[in-house]
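All you need for the UniProt record's numbering is the position in the sequence shown, starting with 1, plus 23.
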Amino acid sequence: EQLVYYFGKTKSEGDATQKELLGGKGANLAEMTSIGLPVPPGFTCTTECCDQYYKQGKKLPRGLMDQVNEAIQTLEKETGKRFGSSDNPLLLSVRSGAAQSMPGMMDTVLNLGLNDEAVVGLAEASGNERFAYDAYRRLLNMYGDVVMGVEHEHFEHAFDKIKKKAGVELDTDVDTDGLKQLCGDYKKVIAKHADRQFPQDPIEQLRLGITAVFASWMVPRAIRYRQINEMFGLKGTAVNVQTMVFGNMGQDCGTGVAFTRDPSTGRNKFYGEFLVNAQGEDVVAGIRTPQPVAEMNKWKAPNNKTVGRNAHRELLEIKDKLEAHYKDVQDIEFTIERGTLYMLQTRNGKRTGAAAVKIACDMVKEKLIDEKTAVKRIPAGDLTQLLLPGFDPAAKKKATALTTGLPASPGAAFGKLSFTAEDTVARKAAGEQVLLVRKETSPEDVDGMNSAAGILTSTGGMTSHAAVVARGWGKCCVAGAGEIQIDEKKRKITVNGKTYGEKDTLSIDGGTGEVFAGEIDTVEPKLSGDFATVMKWADKYRTLGIRTNADSPADAKRARDFGAEGIGLCRTEHMFFEGDRLLNMREMILADTKEAREKALQKLLPHQRKDFEGIFRAMKGLPVTVRLLDPPLHEFVPTDPKAQKDVAKATGVSPKKVKDRVSALHENNPMLGHRGCRLSITYPEILEMQVRAIVEAAINSKKKKIDARAEIMIPLVGTVNELRLLRGKAEEVIEQVKKDKGFKGKLDILIGTMIEIPRAALTADEVAGEADFFSFGTNDLTQMTFGYSRDDINGFLPDYLGQEILEKDPFQSLDQTGVGQLITMAVEKGRSTNKSIKLGICGEHGGDPSSIGFCHRAGLQYVSCSPFRVPIARLAAAQAAL
Ligand code: ADP
Ligand code: MG
Ligand code: MG
């Protein structure tokens, strides 16, 4: 079995397609070698070795060291140097590198192969004794740290002592004698703290070095990084063993990193930094401030006046060659040894959403890639960054971070703290910018939420009320920041020992979940022409329709501007929370008799009708799916005694009656209680009023030449009987209203249901007989399939993710194996009895790129998501189709 792949002049065994086996770094070192770029030769031990290392109880696979020895011999021939020789020794770097990049998470050892004798040889061969001992002390430090487990601080102490003795401050000011002594001290540090000597045998150094890199795959920070970035199913890290080149041999040497284009704006401008006379990790570590590559031309060495000019020219040539070859932005590492440039790494450069859009468009113009490639390459989720204001990254770096919650709704917001919805509304009206801080939010808080610059909660998950509502509005929200203790009474919060009140300002980043003290500057997004171009391409290739979840004319209009082709979910309950309506709603809930209830409903009717007219106007000609009342009634009445008294007064009943009604409405499990279509079964007059409002609005719109296309959606159906009954009632109302209004034309109102109870999916063939459409309500469907309450999942989700029981939050990204099966089944069964049934999804998943891919494959006709996610959905739908 081939465990080692060589790259060099002699042969180059790997290529860029072999990232899984050779790691990204190894595959690209081989590829660069093959296309003739100057890469120091070396070889890669495969990720398969790492897999075997763990499977065999942390032992290197048999035969690996034999293949390594063979590769070393080839290296020795090619370089004319010998590994471990005392004159002109071959030195090696041992570098980690997994299939997907994990920058800085695992370990690297440089200058391997030096020992007490070889260092003398290196000094002679290079004619630079200081350099040789500097290389040796770096090896002792890195090797001691990475391979032998000696804490870095012990080395630091030893270095400090030497510097103090010499009376200097900088590492670079220590002379050769100082470094010689330091090497001796470092060996003592290792012997003392590792209970063994630094191995003088180079092959032993290498064997242990390779082992240590494999071991670094499982260090906690690497595991955590893979979790955060949802990297699953990787075999492990490869190990790249490579001939050392030196950027620190003198003034004609240097090292640097660069991007072939600007990764933050996407501008086609070579962007990089370098340091003269330094070894690679110095640039990243920030020990010295590097210079921009653009100024490389000015770099001159006493023995080589044109070193900078030549290196710069060569770098630019390589840049063009790399982009032409990889057809993407590259992130590179390079080193210049005595005027000669070497490439040490290349990979596709990480970039911001804005840069991704600009680069994709520019590369199409440059004929480097075609439209389809451009569409596929932009991470759909990253478009969010373009649509919302963000914090100025420089300002954020300087700010005081307090804690981190869930990145519930992206954007950046700051404001003074406000603890109740009423306060928030009042303070906003008085011209203040406030953040609403609550343990959790309820529908009663929507006014306050709407008035807040941003929302911060200490409990609740990604689909908690606060999160869903905030995302719908594109309002910044950090949810579930559990370290924050909120004292609503005293109007203050405590977080990690610090206290903040109403007069204090915090900043929250909804894209990362970070919470900061004080105000951080924000920058407004500008939607570029490139953004429009990408959207145009996306529409050309996608087959899925994109609708939006919108409850108001303003949302509907915004979504249309973002390209929505209809409303997939209009939640009517949000309409009941404004002004007088809440009062009428409460009157209805508190009513004793059907008559009293109908009287209250009559007062709600004109409001609803007006809202629907507004929405039909905004969506002119596009379908609008209206969901009938869904939440349990208790959400509309207050639990707090004082508020109950106010309600009693306003509705003209006794406080006791309010109290009794509220306790009667109490349910142990409201999510599984009296809600959805169950409300209309008990109180058909609610359905009658809502359907009447929809139909009257549709007819009024038609009279104004607005093509209203209403779809009535009955929620939470679990058996066909519910739907049959309620559909019948709705049809009666439609006919009645037509008669009342003397309307003779066609309305074409569809009546359908949400599929959100597993039983509805299982019996979809029956249900489809009564439905013109299905809309998968995947929030409830996920909740009921897993049996996880979406509002309580945060209590255990972190453990589930940490122990890899779940890969992702199933409320964020659709569980395709489980919940997905119910969807696929319902699609099939539904179509079997109703060929023309329309199929869509309106859960939060409708805006998640990977879930959108699933919806495409499952054969749905549209996805519906919050207005701000419409562009993301358009792009993701195109990617699914390509
Ligand atoms: P990371 O994955 O953390 O970037 P690398 O394997 O790229 O780690 O190594 C870190 C740095 O070490 C590189 O940026 C480079 O400057 C330096 N380095 C690695 N191998 C060599 C080498 N063969 N010659 C010179 N410097 C090297
Ligand atoms: Mg690197
Ligand atoms: Mg639901």
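Cβ coordinates follow ideal geometry from the N, Cα and C atoms, glycine included.
Starting from residue 472 and walking both ways along the alpha helix (DSSP H), at which residues does that stretch end?
-> 469-474
Beta-bridge partners of residue 332, as assigned by DSSP = Beta-bridge pairing links residue 332 to no other residue.
Please report how far the alpha carbon of residue 267 lies from the alpha carbon of residue 225, in whole angstroms.
-> Cα to Cα, the separation comes out at about 14 Å.
Taking the alpha-carbon positions, what's the residue 647 to residue 766 distance?
-> 20 Å
Provide the residue span of the beta strand (DSSP E) that contains residue 440, from first to last.
-> 435-441
Considering only the beta carbon of each residue, do residue 689 and residue 655 sit closer than 7 Å?
-> no
Within its chain, find whatever has a CB closer than 7 Å to the CB of residue 399; leave out the 5 residues flanking it on each side and keep chain order.
-> Only 902 and 905 meet the Cβ criterion.
Beta-carbon separation (whole angstroms), residue 26 vs residue 84, contact threshold 8 Å | 6 Å
In or out: residue 193 buried (at least 16 other Cβ within 10 Å) or exposed?
-> exposed
Whole-angstrom distance between residue 844 and residue 237, CA atom to CA atom = 38 Å
With a floor of 3 residues, list each beta strand (DSSP E) that falls wholly inside the stretch 729-773, ordered by position along the chain.
-> Within the stretch 729-773, the complete beta strand (DSSP E) segments at least 3 residues long are 732-737, listed from N- to C-terminus.
Residue 884 beta carbon near ligand 1 (any heavy atom closer than 6 Å) = no
Along the chain, where does the beta strand (DSSP E) that runs through residue 523 open and close?
-> 521-524
With hydrogens ignored, establish whether the beta-carbon of residue 267 is closer than 6 Å to any heavy atom of ligand 1.
-> For ligand 1, at least one heavy atom lies less than 6 Å from the Cβ of residue 267.
Where residue 228 and residue 835 are concerned, what is the direct C-alpha to C-alpha distance, given to the nearest angstrom?
-> 47 Å
Residue 136 and residue 107: beta carbons closer than 7 Å?
-> yes
Closest residue to residue 636 among 571, 665, 582 and 715 (Cα-Cα distance) | Per the Cα distances, 715.
Between residue 808 and residue 841, which are expected to be in contact by the criterion C-beta below 8 Å, what is the C-beta distance as a whole number of angstroms?
-> 6 Å
Exposed or buried, which one is residue 90 when buried takes at least 16 other CB atoms within 10 Å?
-> Residue burial annotation: residue 90 is buried, with at least 16 other C-beta atoms found within 10 angstroms of its C-beta.
Say yes only if the C-beta of residue 296 is nearer than 6 Å to one or more non-hydrogen atoms of ligand 2, and no if none qualify.
-> no
Excluding the five sequence neighbours on either side, which residues of its own chain have a C-beta within less than 7 Å of the C-beta of residue 186, listed in chain order?
-> 192 and 197
What's the gap between the Cα of residue 341 and the Cα of residue 380?
-> Distance between the alpha carbons of residue 341 and residue 380: 24 Å.
Can you check whether the CB of residue 671 is closer than 7 Å to the CB of residue 681?
-> yes
Below 7 Å between beta carbons: does that hold for residue 286 and residue 372?
-> yes
Name the two residues that bound the continuous beta strand (DSSP E) containing residue 593.
-> 590-594
For residue 262, which beta-bridge partners are listed by DSSP?
-> 68 and 119
Who are the Cβ neighbours of residue 747 in its own chain at under 8 Å, not counting the five residues just before and after it?
-> 793
Minimum C-alpha distance to residue 51 - residue among 775, 148 and 263 = 263
By the 10 Å Cβ neighbour count, where 16 or more other Cβ atoms means buried, how is residue 855 classified, buried or exposed?
-> exposed
Mind checking residue 347: buried by the 16 CB within 10 Å criterion, or exposed?
-> That one is exposed.
Who does residue 131 pair with in a DSSP beta bridge?
-> 118
What span of residues does the beta strand (DSSP E) with residue 359 cover, start to end?
-> 353-360
In this structure, does DSSP put residue 156 in helix, strand or coil?
-> helix
Could you tell me whether any Cβ in chain C is nearer than 7 Å to the Cβ of residue 299?
-> Of the protein chains in the structure, only one exists, and it is not chain C.
Neighbourhood of residue 749 by C-beta, 7 Å cutoff - its chain only, sequence neighbours within 5 removed | 700, 703, 710 and 737
On the three-state DSSP scale, how would you describe residue 839?
-> coil
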